[in-house]
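Q: Take the sequence shown: its letters are residues 13 to 86, numbered as in our numbering. From the three backbone atoms N, C-alpha and C, an ideal C-beta is built for every residue, glycine too.
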Amino acid sequence: MLTIHQDQIPDLEFKEAIKKPIPIKCIQINEPFEVETMEGTMRGKKGDWLMVGIDGEMYACDAAIFKKTYELCE
13 MLTIHQDQIP
23 DLEFKEAIKK
33 PIPIKCIQIN
43 EPFEVETMEG
53 TMRGKKGDWL
63 MVGIDGEMYA
73 CDAAIFKKTY
83 ELCE
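#1: Look at the alpha carbon of Y71 and the alpha carbon of P33, and state the distance between them as a whole number of angstroms.
#2: Which first and last residues belong to the alpha helix (DSSP H) in which I77 is found?
#3: Give the DSSP-derived three-state secondary structure of I39 in the structure shown.
#4: F26 by DSSP, collapsed to three states: which one?
#5: Given a cut-off of 9 Å, decide if W61 and I30 are closer than it, judged by their beta-carbon atoms.
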């Protein structure tokens, strides 16, 4: 079985991919919160975002990650 460690990218022939621009619903929450996800309960900190995915799944997104990976739609 191949074991892949978080701090070491394996020497494999990776391809590049771009995430599809699929609009999702999101709101920034200004207090700590918990949300039930498909994997279990997830905690969000003050300022994190509550996301609703394309299949209605909900999850928290760290504010710094949101800023790096999302743009709000007009």
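A: In short:
#1: By one-based count along the sequence shown, residue 71 stands at place 59. By one-based count along the sequence shown, residue 33 stands at place 21. If I take the Cα positions, the gap works out to 18 Å.
#2: Taking the first residue of the sequence shown as 1, we reach residue 77 at position 65. Looking at the DSSP string, the run of the alpha helix (DSSP H) that includes I77 is A75 to T81.
#3: Taking the sequence shown and counting its residues from 1, one reaches residue 39 at position 27. I39 falls in the strand class under three-state DSSP.
#4: As a position in the sequence shown, residue 26 is number 14, starting the count at 1. Three-state result, F26: coil.
#5: Translated into the one-based positions of the sequence shown, residue 30 becomes position 18. Translated into the one-based positions of the sequence shown, residue 61 becomes position 49. Their beta carbons are not under 9 Å apart, which means I30 does not touch W61 by this criterion.
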